[in-house]
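Worksheet: one structure, shown below.
Number of protein chains: 2
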Amino acid sequence: MKKIAVMGYGTVGQGVVEVVLKNKDLISERIGEEIQIKYVLDLREFPGDPAEHMIVHDFDTILNDEEIEVVVETIGGTNAAYQFVKSCLLAGKSVATSNKALVAEYGAELLQLAKDKNVNFLFEASVGGGIPIIRPLNTSLTGDHIDEISGILNGTTNYMMTKMFYEGADYNEVLKKAQDKGFAELNPEADVEGHDACRKIAILSSVITNKTVDFNDIYCEGITGITTEDMKYAKEMEMTIKLLAISKNDETGLEAMVAPFLIDENHPLYNVNGVFNSVFVHGNALGDGMFYGSGAGKLPTASAVVGDVVDALRNKGKTIMPVWDVNKLALKKHEDTKRKFFLRIKGDGKAKEADVLAMFPGGKIQSLSGANDEFGVITDVMSEGMCAEKIAALGTDFIHMIRVEESL
Amino acid sequence: MKKIAVMGYGTVGQGVVEVVLKNKDLISERIGEEIQIKYVLDLREFPGDPAEHMIVHDFDTILNDEEIEVVVETIGGTNAAYQFVKSCLLAGKSVATSNKALVAEYGAELLQLAKDKNVNFLFEASVGGGIPIIRPLNTSLTGDHIDEISGILNGTTNYMMTKMFYEGADYNEVLKKAQDKGFAELNPEADVEGHDACRKIAILSSVITNKTVDFNDIYCEGITGITTEDMKYAKEMEMTIKLLAISKNDETGLEAMVAPFLIDENHPLYNVNGVFNSVFVHGNALGDGMFYGSGAGKLPTASAVVGDVVDALRNKGKTIMPVWDVNKLALKKHEDTKRKFFLRIKGDGKAKEADVLAMFPGGKIQSLSGANDEFGVITDVMSEGMCAEKIAALGTDFIHMIRVEESL
Numbered sequence: 001m002k003k004i005a006v007m008g009y010g011t012v013g014q015g016v017v018e019v020v021l022k023n024k025d026l027i028s029e030r031i032g033e034e035i036q037i038k039y040v041l042d043l044r045e046f047p048g049d050p051a052e053h054m055i056v057h058d059f060d061t062i063l064n065d066e067e068i069e070v071v072v073e074t075i076g077g078t079n080a081a082y083q084f085v086k087s088c089l090l091a092g093k094s095v096a097t098s099n100k101a102l103v104a105e106y107g108a109e110l111l112q113l114a115k116d117k118n119v120n121f122l123f124e125a126s127v128g129g130g131i132p133i134i135r136p137l138n139t140s141l142t143g144d145h146i147d148e149i150s151g152i153l154n155g156t157t158n159y160m161m162t163k164m165f166y167e168g169a170d171y172n173e174v175l176k177k178a179q180d181k182g183f184a185e186l187n188p189e190a191d192v193e194g195h196d197a198c199r200k201i202a203i204l205s206s207v208i209t210n211k212t213v214d215f216n217d218i219y220c221e222g223i224t225g226i227t228t229e230d231m232k233y234a235k236e237m238e239m240t241i242k243l244l245a246i247s248k249n250d251e252t253g254l255e256a257m258v259a260p261f262l263i264d265e266n267h268p269l270y271n272v273n274g275v276f277n278s279v280f281v282h283g284n285a286l287g288d289g290m291f292y293g294s295g296a297g298k299l300p301t302a303s304a305v306v307g308d309v310v311d312a313l314r315n316k317g318k319t320i321m322p323v324w325d326v327n328k329l330a331l332k333k334h335e336d337t338k339r340k341f342f343l344r345i346k347g348d349g350k351a352k353e354a355d356v357l358a359m360f361p362g363g364k365i366q367s368l369s370g371a372n373d374e375f376g377v378i379t380d381v382m383s384e385g386m387c388a389e390k391i392a393a394l395g396t397d398f399i400h401m402i403r404v405e406e407s408l
Numbered sequence: 001m002k003k004i005a006v007m008g009y010g011t012v013g014q015g016v017v018e019v020v021l022k023n024k025d026l027i028s029e030r031i032g033e034e035i036q037i038k039y040v041l042d043l044r045e046f047p048g049d050p051a052e053h054m055i056v057h058d059f060d061t062i063l064n065d066e067e068i069e070v071v072v073e074t075i076g077g078t079n080a081a082y083q084f085v086k087s088c089l090l091a092g093k094s095v096a097t098s099n100k101a102l103v104a105e106y107g108a109e110l111l112q113l114a115k116d117k118n119v120n121f122l123f124e125a126s127v128g129g130g131i132p133i134i135r136p137l138n139t140s141l142t143g144d145h146i147d148e149i150s151g152i153l154n155g156t157t158n159y160m161m162t163k164m165f166y167e168g169a170d171y172n173e174v175l176k177k178a179q180d181k182g183f184a185e186l187n188p189e190a191d192v193e194g195h196d197a198c199r200k201i202a203i204l205s206s207v208i209t210n211k212t213v214d215f216n217d218i219y220c221e222g223i224t225g226i227t228t229e230d231m232k233y234a235k236e237m238e239m240t241i242k243l244l245a246i247s248k249n250d251e252t253g254l255e256a257m258v259a260p261f262l263i264d265e266n267h268p269l270y271n272v273n274g275v276f277n278s279v280f281v282h283g284n285a286l287g288d289g290m291f292y293g294s295g296a297g298k299l300p301t302a303s304a305v306v307g308d309v310v311d312a313l314r315n316k317g318k319t320i321m322p323v324w325d326v327n328k329l330a331l332k333k334h335e336d337t338k339r340k341f342f343l344r345i346k347g348d349g350k351a352k353e354a355d356v357l358a359m360f361p362g363g364k365i366q367s368l369s370g371a372n373d374e375f376g377v378i379t380d381v382m383s384e385g386m387c388a389e390k391i392a393a394l395g396t397d398f399i400h401m402i403r404v405e406e407s408l
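Protein chains in written order, with UniProt numbering: chain A, 1 to 408; chain B, 1 to 408.
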């Protein structure tokens with residue numbers, strides 16, 4: 001009998017208990033021994049719940065029980081979660097977590113601790129919900145140099161962008177709808193400002209480099225500035241706007257960012273709609289690969305956590321995740337990274353065309369049907385720093401800028 | 001130093017050597033020791049080739065060298081490949097193969113042999129080229145009951161279907177183009193008749209059930225009957241036609257088949273175009289997931305093989321693949337499986353509407369612009385057996401039938 005404990009009986013914790021109870025026979029067969037959830041740690045009581053008799057209120061019950069081999073952390077945050085996870089690893093118990101904040105902040109330390117204690121610290125569920133991505137990167141794509149990993153890593157904002165694109169709804173309207181449907185929180189800042197996606201791309205960047213990538217170093221811009229006019233331009237250009245998290249890794253270093261991007265119909269992420277997430281990977285042997293699925297939600301996230309539990313139980317006595325260098329990886333300077341930009345400018349496009357093309361050589365003017373008082377330009381490739389300078393030079397004529405991610 | 005051998009220096013074998021040489025440092029770091037290709041078995045000589053000095057002509061050189069821990073099999077077929085792989089496993093060497101024919105025919109036996117000898121028999125590259133799918137099923141989705149796995153598993157036919165759909169080209173025209181581009185072989189039977197996809201879905205069905213699924217038991221229909229008119233109907237119905245390999249696994253048993261299917265724009269596989277492959281997975285916790293990438297080609301396939309080599313070296317002394325029950329799994333009878341069908345019928349749709357709807361209650365008539373002498377009907381859900389009976393009853397009025405796979 002393999003005994004595990006779950007810490008935190010919120011949505012994901014409840015999902016983990018549900019999946020383990022529902023698929024117990026299958027899971028036990030895959031482990032080679034019966035699995036049992038011995039404890040569920042929560043401050044509350046859950047009378048009538050399937051976990052009613054597993055509930056304990058004292059972390060030490062779990063910590064001091066030598067029968068517990070794997071502990072699931074679904075508390076969230078970096079306070080109690082960090083203390084408890086650290087204690088579990090120190091006590092020789094493996095940990096599976098869905099907590100991206102914990103991994104983004106303490107990943108290197110906890111991976112090293114797990115290695116020192118010959119146990120596992122696994123976090124498949126911290127990125128992309130149920131989508132298997134961290135384990136495939138560590139165990140399948142091991143013959144490849146991964147030079148790009150990018151994706152739609154936040155379901156809330158992707159739902160909002162999809163609604164704005166297909167239904168012409170405005171930002172506040174779709175935010176309200178997302179909140180009504182439970183896709184967005186009452187305080188949506190972590191999602192709409194891109195912080196959630198930023199922690200996830202930091203984790204993925206660490207996974208492909210085995211170095212600590214600090215999310216604080218990653219340029220992060222949310223979707224709060226995206227308007228119905230932006231979406232109209234996108235439509236006229238046969239493009240759409242997505243909040244992308246991008247990490248590119250070549251000889252000159254690693255470049256990572258989170259921002260809304262214009263992408264065209266040929267881009268592999270164009271058709272990822274609604275609350276779905278998708279991770280695009282490019283390897284020097286693999287070529288293009290993409291992983292797609294439910295990026296959040298009780299059961300998909302629980303699916304990933306339980307997959308980690310099974311892996312930890314199957315690999316008892318053997319650390320399967322590489323450690324990350326605790327020294328922070330210095331990212332490329334944001335202002336030096338290069339791409340095309342789409343700028344909206346006040347005035348008559350026809351009259352100003354020559355001036356604007358002189359400012360943006362190789363640029364392409366884009367009008368907006370029904371609007372005479374503004375136009376757009378898609379620039380040639382230039383650095384972020386150069387673009388910022390040109391925006392400053394435009395002064396009050398400048399309306400809005402959205403980056404362009406070209407198809408491969 | 002970890003030493004490996006490659007058997008068969010054709011396209012994939014050359015890809016494996018190329019990837020190992022190109023990414024040697026990375027791969028060595030991931031294994032924790034330097035990797036070296038000691039032998040490449042081929043009957044030919046390769047003067048001037050990077051493998052020139054690794055070439056050996058005698059299999060025994062590899063078999064009897066105790067330094068060789070992992071052997072790559074990229075010979076193909078089930079003759080020499082089978083004998084050599086068996087001998088390697090018996091000698092305590094792990095094997096990584098890209099050979100779907102070998103796995104489909106001898107998977108259960110070779111997995112058992114690997115387990116008995118405490119080594120590994122790995123075959124990620126046998127399905128979906130570079131797409132990681134077998135390992136994620138065995139190591140990530142271990143908390144899920146996988147109730148469906150289906151996909152576009154053959155790049156040649158998907159390229160042809162894509163061309164026929166978007167360019168209105170006819171079957172022979174696109175086949176010739178595919179052959180000119182090297183996407184189809186001069187004898188294209190294995191691809192266009194669905195045999196290749198059939199072996200792959202048999203392997204995936206075995207992976208999700210851990211039972212032997214015999215490809216000979218799987219209903220298999222190729223794309224040779226698909227015409228430009230079929231594609232025109234598809235367009236008018238806002239659908240497309242794809243060669244799908246489908247495996248559905250519920251309490252009543254496993255149903256597997258390969259055939260062209262009509263799918264609509266909401267189906268996750270609708271946008272998988274050209275030579276790309278995609279595998280769709282549904283788990284009872286995961287929900288929908290999809291894996292997408294290059295389904296064939298030298299380097300993508302090599303990427304999967306090298307991933308297996310790394311996994312075998314990292315897991316020395318431990319068999320990581322579950323064995324498959326050698327007793328064949330009895331599939332659901334083809335004639336009992338149920339779905340909607342699209343039938344093309346001779347005559348005037350308006351005049352015959354009442355008769356046809358009486359024959360197919362709940363059906364939907366579909367006209368074809370510009371054609372007065374034929375029409376189509378999408379039936380309600382019925383069994384394959386029932387549909388065959390109705391087709392027989394239609395006699396010479398019947399033109400063609402294509403199955404419909406509904407969106408989820």
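Glycine included, each C-beta is placed from N, C-alpha and C at the ideal position.
Local conformation of residue i per DSSP, three classes
| i | result |
| --- | --- |
| E335 (chain A) | helix |
| F341 (chain B) | strand |
| M239 (chain B) | strand |
| A285 (chain A) | coil |
| D250 (chain A) | strand |
| L122 (chain A) | strand |
| F276 (chain B) | strand |
| M1 (chain A) | coil |
| H400 (chain A) | strand |
| F291 (chain A) | strand |
| residue 434 (chain B) | With chain B covering 1 to 408 only, the question about residue 434 (chain B) has no answer from this structure. |
| N327 (chain B) | strand |
Pairwise C-alpha distance: residue j and residue i
| i | j | result |
| --- | --- | --- |
| K181 (chain A) | V174 (chain A) | 10 Å |
| Q112 (chain A) | Q36 (chain A) | 28 Å |
| D308 (chain A) | E124 (chain A) | 7 Å |
| I146 (chain A) | G347 (chain A) | 44 Å |
| P132 (chain B) | G155 (chain B) | 16 Å |
| A169 (chain B) | G297 (chain B) | 24 Å |
| A371 (chain A) | E353 (chain A) | 15 Å |
| L89 (chain A) | L122 (chain A) | 11 Å |
| G253 (chain A) | N249 (chain B) | 46 Å |
Top-ranked residue by Cα proximity to residue i, from the options
| i | options | result |
| --- | --- | --- |
| A5 (chain B) | B:D25, B:S28, B:V70, B:E18 | B:V70 |
| D311 (chain A) | A:S94, A:D348, A:H57, A:A388 | A:S94 |
| residue 480 (chain B) | A:T61, A:T142, A:G395, A:E167 | The shown model of chain B, from 1 to 408, leaves out residue 480 (chain B), and the question about it has no answer. |
| T228 (chain B) | B:K176, B:T379, B:S150, B:M161 | B:M161 |
| D191 (chain B) | B:D288, B:E389, B:S28, B:G295 | B:G295 |
| S28 (chain A) | A:G8, A:Y39, A:K2, A:E52 | A:K2 |
| N120 (chain B) | B:S126, B:Y171, B:N79, B:A96 | B:A96 |
| T61 (chain B) | B:P47, B:G293, B:F84 | B:F84 |
| E67 (chain A) | A:N315, A:K38, A:A302 | A:K38 |
Closer than 8 Å to chain B by CB, residue i
| i | result |
| --- | --- |
| I402 (chain A) | no |
| F291 (chain A) | yes |
| residue 494 (chain A) | Any property of residue 494 (chain A) remains undetermined from this structure, which presents chain A solely from 1 to 408. |
| G10 (chain A) | no |
Beta carbon proximity, residue i to chain A, threshold 8 Å
| i | result |
| --- | --- |
| N154 (chain B) | no |
| S206 (chain B) | no |
| S367 (chain B) | no |
| T142 (chain B) | yes |
Notebook entry, point to check: Taking three-plus beta-carbon pairs below 8 Å as touching, is the segment 270 to 284 of chain A in contact with the segment 209 to 222 of chain A?
Noted result: no
Notebook entry, point to check: Touching or not, the segment 196 to 205 of chain B and the segment 340 to 354 of chain B, by the rule of three or more beta carbon pairs under 8 Å?
Noted result: no
Note to self: Counting beta carbon pairs with one atom in the segment 136 to 143 of chain A and one in the segment 240 to 253 of chain A, are three or more of them shorter than 8 Å?
What the structure shows: no
Item checked: Sufficient close CB pairs (3 or more, under 8 Å) joining the segment 323 to 336 of chain A to the segment 208 to 216 of chain A -> Three or more Cβ pairs closer than 8 Å define a contact, and the segment 323 to 336 of chain A meets that threshold against the segment 208 to 216 of chain A.
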